[in-house]
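Numbering (UniProt numbering), first residue to last: 1 to 896.
Working notes for the structure below.
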């Protein structure tokens, strides 16, 4: 063995929470920092990595604020490495904006102490997203260190360059043996054995020895250990107390032509990836998705609009909500692979982020609505579009009236057609034990209506409401006896318990195209594992009650019934079904909109996995799913599916994958796209493989995994993941809450296209997931939202009945953010982020129509540092060329 320079790098990996709770971890941190201060200030350690995340530093300073100056000195002198993350986030199931805000807030927090450690440090994330090189590069981060996801098939070396499709490239090192090499069983090894373990597949003589582990105690005897290693190496290795910066310098001095890797890293050759953790604790993932969508696509752009109209943007409020959410994005936290106590705390943080973001939206919608000029005593219904492009589509709104009938008129006085989806007579007086005591004059009507209104981009539009004693139009919902719904694109029929789809445009006939399948799950919070004796059930609608309701704008099919399932694995093995799951399945068709699929169930079964299955003739060998800022193509059949055990992989490379919001099957004839709101896992179902028939990997059957119901944090020897238990390998930890014995709701969409167009799909998802907001100025119902209880002063200057702030005319691009510039980046102006989700370059991205007050436009980095200035011509800025998958961020000054 040739001599190696071994860079011994002291650190701790500090799980925000796991089988222990965040408060327990925080108490440990307080005392850990005492030892660390002593070791660094005395020179026993030269430097130390505090896991690259600032949330734990903020926690420490909140608990021990008197040590801030002491900590700042160590950070500024380079002895203590902090940042760049706020939390060590999962990269595969949180949004691109969440990852950007994580780094943005983490770098800001680190710099507030004097210095940020600019290293793409992800020692324990369960895989690396394809978009990370361009995200890191957008913050000026040039190097990355990680453990999980890269296989020798993709890269034969530990050191390499990682390139995004847009050309961004960073240098990387894979710590293939993990970050925990200070564990006693490893640290006590012979030094030559240690080097033999960490150096295979190295092109350079420089190798790292990550001297740390989970929440490990500070080892003040590091220098003695290094001296011992140097005295007892027989191969001439040289151990030095070092850093990752020094490691990269040594590597780059020797490796002049680095190996280049492209794509995502989700292979489990050297470490577990937990390829099915994306469906664990669905309730968490649904709530996180809801909060992410509301923050980025509703609250922030609404605050930009409100700021333009005279209501100050509240950056600290927004960032406080972001931090609450980001604290749920650490890899264990986001995955849900925790004790029940910990998951309860994560859920509470998600609820708080959700409620805070919803309250911010409710307040601004109300204040802006009540500032729209109107006739005295006139009732108004105000709609808001928080997306940065105009929209005109079916939408719904709630209306309260004293009389049972009403008309709606636009700003020109023209009547607006609508349909009443539901209407209920309610009481607004003081509650009494008996309805006979109610005052008849205090009854009113709550309506849910459906209508189509054209809305300006990032703006509002007001309709006038007039109550009527008699009906003025046919606005009732129609029930149809026929079990069939249609729009201009397709027809869906329910017959003999099966759903059939007929596509009018292509002539496609898909019998039994949508069903539910349920299987046993003998796994844990990390991974799905089929039982040795499974009984897979196909759940149809043969015993269901089916209703069809039609309006001029939509047709809905409502299917209600009960599915009988095995109560647990013992019943499944015996083919018994004592668990009754009530369900409500609703399909809605409207022209120019995706098929809207909603499913509500009351889960009463344990240890099972449920999927929504789409059976089609779109036969492909691969799928295409969205990523933080683009898409990724994945094979149905992994090259190692047959020999992964023989090759020593840690888990089966199943065709189970993460998605953020959409996944597609696309061939030369047609494209099937599934949209999701909170569902984070899909699987391509392949024909049964058997001896002598290895299969082609072709399939047209795509499943969204709705949820997994399991009861243990970790279990050993799973079918898809052999060996020791994941997580805590020395003790069985029950997690009965993860059985999700509770009501659950799911929403998905389906789109049929001739070709795969990622920008169009993403825009359709945004319209699907981000409905127009509405607010009625009325005093009949004080409980439209909780915020209506409080008093609000309207703006001094009344608003017009219709207005829009800006309009992005860029059909091939996707807008991921409209927000106020960060205070640390100047604080002035609006930031708009756009990306090209396609694998092809765009010569002309389009343009943005600006408000008149904008006088300067700058292109900025992800950290919002100015890159260059863009010209404004006739109130528009040209977006220019976009490389494949490129992200560009623009800053507009001033906005008011």
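The beta carbon of each residue, even a glycine, is placed where N, CA and C say it ideally should be.
Under the three-state DSSP convention, the category residue i falls into
i: residue 134; result: helix
i: residue 772; result: coil
i: residue 357; result: helix
i: residue 363; result: helix
i: residue 329; result: coil
i: residue 17; result: coil
i: residue 486; result: strand
i: residue 617; result: strand
i: residue 72; result: helix
Inter-residue Cα distance where the pair is residue i and residue j
i: residue 75; j: residue 81; result: 6 Å
i: residue 774; j: residue 319; result: 25 Å
i: residue 871; j: residue 830; result: 16 Å
i: residue 6; j: residue 211; result: 11 Å
i: residue 531; j: residue 522; result: 5 Å
i: residue 65; j: residue 278; result: 38 Å
i: residue 533; j: residue 292; result: 39 Å
i: residue 244; j: residue 220; result: 20 Å
i: residue 491; j: residue 503; result: 7 Å
i: residue 731; j: residue 332; result: 18 Å
i: residue 817; j: residue 98; result: 11 Å
i: residue 167; j: residue 137; result: 10 Å
i: residue 437; j: residue 406; result: 28 Å
i: residue 599; j: residue 565; result: 17 Å
i: residue 56; j: residue 551; result: 54 Å
i: residue 768; j: residue 593; result: 8 Å
i: residue 582; j: residue 105; result: 44 Å
i: residue 471; j: residue 429; result: 26 Å
i: residue 78; j: residue 657; result: 40 Å
i: residue 691; j: residue 747; result: Note on residue 691: pLDDT 49, under 50, position unreliable in the model; no value is reported.
i: residue 306; j: residue 382; result: 14 Å
From the options, residue whose alpha carbon lies closest to that of residue i
i: residue 834; options: 880, 802, 793, 443; result: 880
i: residue 611; options: 629, 205, 788, 679; result: 679
i: residue 203; options: 4, 69, 135, 217; result: 4
i: residue 414; options: 444, 742, 462; result: 462
i: residue 398; options: 448, 15, 422, 312; result: 448
i: residue 542; options: 505, 494, 453; result: 494
i: residue 855; options: 893, 460, 409, 885; result: 893
i: residue 469; options: 889, 404, 395, 364; result: 404
i: residue 846; options: 827, 876, 298, 341; result: 876
i: residue 683; options: 77, 696, 706, 579; result: 706
i: residue 864; options: 100, 21, 42; result: 100
i: residue 59; options: 26, 38, 515; result: 26
i: residue 537; options: 317, 613, 700, 633; result: 613
9 Å Cβ cutoff met for residue i and residue j
i: residue 799; j: residue 309; result: yes
i: residue 259; j: residue 89; result: no
i: residue 128; j: residue 146; result: yes
i: residue 628; j: residue 91; result: yes
i: residue 251; j: residue 651; result: no
i: residue 87; j: residue 329; result: yes
i: residue 289; j: residue 677; result: yes
i: residue 948; j: residue 795; result: The shown model of the chain, from 1 to 896, leaves out residue 948, and the question about it has no answer.
i: residue 48; j: residue 337; result: no
i: residue 639; j: residue 621; result: no
i: residue 665; j: residue 761; result: no
i: residue 806; j: residue 315; result: no
i: residue 496; j: residue 615; result: no
i: residue 891; j: residue 836; result: no
i: residue 625; j: residue 660; result: yes
i: residue 173; j: residue 248; result: yes
i: residue 401; j: residue 444; result: yes
Quick one: which unbroken beta strand (DSSP E) runs of 3-plus residues sit fully inside the segment 833-888? Chain order, please. The segment 833-888 contains these whole beta strand (DSSP E) runs: 847-849, 856-860, 866-870, 876-878.
List in chain order: all unbroken beta strand (DSSP E) runs of 3+ residues lying wholly within the segment 686-768. Positions of the beta strand (DSSP E) runs, each at least 3 residues long and wholly inside the segment 686-768, are given as 699-709, 743-753 in order along the chain.
Unbroken stretches of the beta strand (DSSP E), 3 residues or longer, contained in the segment 623-690: Within the segment 623-690, the complete beta strand (DSSP E) segments of 3 residues or longer fall at 630-635, 656-658, 662-666, 671-676, 681-685, listed in chain order.
At which residue ranges does the segment 538-581 contain complete alpha helix (DSSP H) runs of 4 or more residues, listed in the order of the chain? Taken in chain order, the complete alpha helix (DSSP H) segments of 4 or more residues contained in the segment 538-581 are 569-573.
Would you list, in sequence order, the uninterrupted alpha helix (DSSP H) runs of no fewer than 4 residues that lie entirely inside the segment 90-168? Here the runs fully enclosed are 96-111, 132-138.
Which ranges would you report for the alpha helix (DSSP H) in the segment 269-352 if only whole runs of at least 4 residues count? Counting whole runs of 4 or more residues, the segment 269-352 contains the alpha helix (DSSP H) stretches 282-294, 300-309, 315-326, 331-335.
At which residue ranges does the segment 500-538 contain complete beta strand (DSSP E) runs of 3 or more residues, listed in the order of the chain? Listed in chain order, the complete beta strand (DSSP E) runs (minimum 3 residues) inside the segment 500-538 are 514-520.
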